[in-house]
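Just so we're aligned, residue 1 is where the sequence shown starts under this note's numbering, counting upward by one. Take a look at the structure below.
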Amino acid sequence: VGELGGDDVDEEQAVLRQQALHALLEDDDGRQSLHARLLQGATRWETRRYLQAAFNRPSASPWALIAQSQVGREGLNLHESCRVVVQFHAEWNPAVVEQQIGRVDRKGSLWEHRAQQWLDDGAQGEPPFVEVRQLIFEGTYDAFQWDRVMRRQHVFDASLFGSLLPADVWDR
């Protein structure tokens with residue numbers, strides 16, 4: 001699909017671009033949304049590339065990109081304008097969880113730029129971070145599964161980094 005172009009686009013180009021965007025993003029059932037989009041196995045490759053490029057531009061839509069199944073797990077660069085990852089589905093493997101977080105926590109990320117700015121400004125106030133949230137309802141199987149994954153993550157951290165205590169203990 002190519003680059004989205006700069007912000008200095010004349011009105012005719014903007015109209016043509018908007019028409020192309022609507023055609024490209026139209027769902028199978030005809031519904032359209034420019035602020036939140038779903039990436040899934042049936043999403044055309046061209047649409048995926050366009051959404052990825054648009055998501056990485058601070059002033060462009062979509063503002064929320066929901067990647068379902070394997071589509072959002074690896075190979076997407078979503079880090080240039082994002083610092084929040086919401087995990088809707090529990091995984092058994094901590095490495096898969098890390099891959100999902102890695103879509104936004106990488107070199108050249110929004111978080112990295114904000115951290116550098118924070119350091120340049122004298123490290124005042126709260127430091128920036130990548131925010132990771134899980135959608136979990138207490139008492140459900142997902143809650144049990146996330147608990148197991150976090151235990152596995154702790155074993156992984158202890159093995160790889162020598163971190164014997166969970167991070168929340170160090171914060172106390």
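By construction, the Cβ of each residue, glycine as well, lies at the ideal position given by its N, Cα and C atoms.
| query | result |
| --- | --- |
| Neighbourhood of R133 by C-beta distance below 6 Å, restricted to the same chain and skipping five residues each side | V86 |
| Beta-bridge partners of L110, as assigned by DSSP | Paired residues: none, contrary to the question. |
| Check whether V130 and V96 have beta carbons under 8 Å apart | no |
| Three-state class that DSSP yields for V97 in the structure shown | helix |
| Backbone CA spacing between N56 and Q153 [nearest angstrom] | 29 Å |
| Cβ neighbour criterion (16 or more within 10 Å) applied to S109 | buried |
| Status (buried if at least 16 other CB within 10 Å, exposed otherwise) for H79 | buried |
| Proximity of R37 and P62 at Cβ, strictly below 8 Å | yes |
| For V130, the first and last residue of its enclosing beta strand (DSSP E) | No beta strand (DSSP E) holds V130; DSSP gives it neither H nor E. |
| Same chain, Cβ closer than 7 Å to W146, five either side skipped, listed in chain order | A90, Q134, I136 |
| Inter-residue CB distance, P127 and A143 (contact presumed, cutoff 8 Å) | That belief does not hold up - the Cβ atoms of P127 and A143 are roughly 30 Å apart, past 8 Å. |
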